[in-house]
Amino acid sequence: LSVMYLTTAAVESYSSGKQHSPVAASPERAKAHSVRTASEIRSQAMLSVLRIAVYLIFTFAWIAFSVFLLCRIILHSVSVKYIREKASLVKPGHSALCRDLSDEFGLKYPGILQSAFIKSPFLSGIFKPIILMPKCDEGFSLPIKEILLHELSHLQRYDCFWNLLRQIGTLIVPFQPLM
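186 is the number of the first residue of the sequence shown in our numbering; add one for each residue after it.
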């Protein structure tokens, strides 16, 4: 305590330009200074605890959001698998057209199915790609060649793989705006 007071008295005397004698200083002043120092220590400790609490909250939020995104990816994968299992074959003419177009692109024939569970066509699968088409009523016809060209271009660019890679990146760093 006396060393702290002596150091503080020396700093005060140097900054004020007055010469103070450390021996002549009052013990009440030294006690007030030591209480103030203790309160500063307590406030720094509280700031450290608060900082750790904020880090823990952000870490928990990061993990919770990543788990949510993982569950969403799994749910979507399961639902697409269910749609693929319940899908039926398309007309033989559509399948032949898809085979011809995939040969023209130099791609492996992806397969083409139709399902009543979907409303728009999409490409599904990385290792066993399949083009899924919605079931159409007799009076409604889709521009099948343009749809197949569009979906085959997704297959040619490996869009299913890149989309999965983007989803994994978003899973790891969910708050990154570029993902």
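Each residue gets a CB set at the ideal place from its N, CA and C atoms; glycine is no exception.
The structure presented is a predicted model; accordingly, all values stated were derived computationally and were not measured.
{"Asked": "Quick one: measure Cβ to Cβ for V265 and S309, integer angstroms, because I've assumed they're closer than 8 Å.", "Found": "5 Å"}
{"Asked": "Quick check on the burial criterion: 16 or more other C-beta atoms within 10 angstroms. Buried or exposed for G278?", "Found": "exposed"}
{"Asked": "Tell me the DSSP secondary structure of Q341 in three-state form.", "Found": "helix"}
{"Asked": "Can you say whether M318 is buried or exposed, counting buried as having 16 or more other CB atoms within 10 angstroms of its CB?", "Found": "buried"}
{"Asked": "Could you compute how far the alpha carbon of N348 sits from the alpha carbon of R236?", "Found": "37 Å"}
{"Asked": "For the stretch 349 to 360 against the stretch 244 to 252, do three or more pairs of beta-carbon atoms, one drawn from each stretch, fall closer than 8 Å, so that the two count as touching?", "Found": "yes"}
{"Asked": "Consult DSSP for I226 and reduce its assignment to one of helix, strand or coil.", "Found": "helix"}
{"Asked": "Can you give me the start and stop residues for the beta strand (DSSP E) that F307 sits inside?", "Found": "F307 to S309"}
{"Asked": "Go ahead and label L255 buried or exposed: buried means 16 or more other beta carbons lie within 10 angstroms of its beta carbon, across all protein chains shown.", "Found": "exposed"}
{"Asked": "Let me check one thing: in DSSP terms, what residues is I297 bridge-paired to?", "Found": "I316"}
{"Asked": "Quick one: using the 10 Å Cβ neighbour count with 16 as the cut-off for buried, is L366 buried or exposed?", "Found": "Residue 366 is absent from the model: the chain starts at 186 and stops at 364."}
{"Asked": "Is L363 helix, strand or coil by DSSP?", "Found": "coil"}
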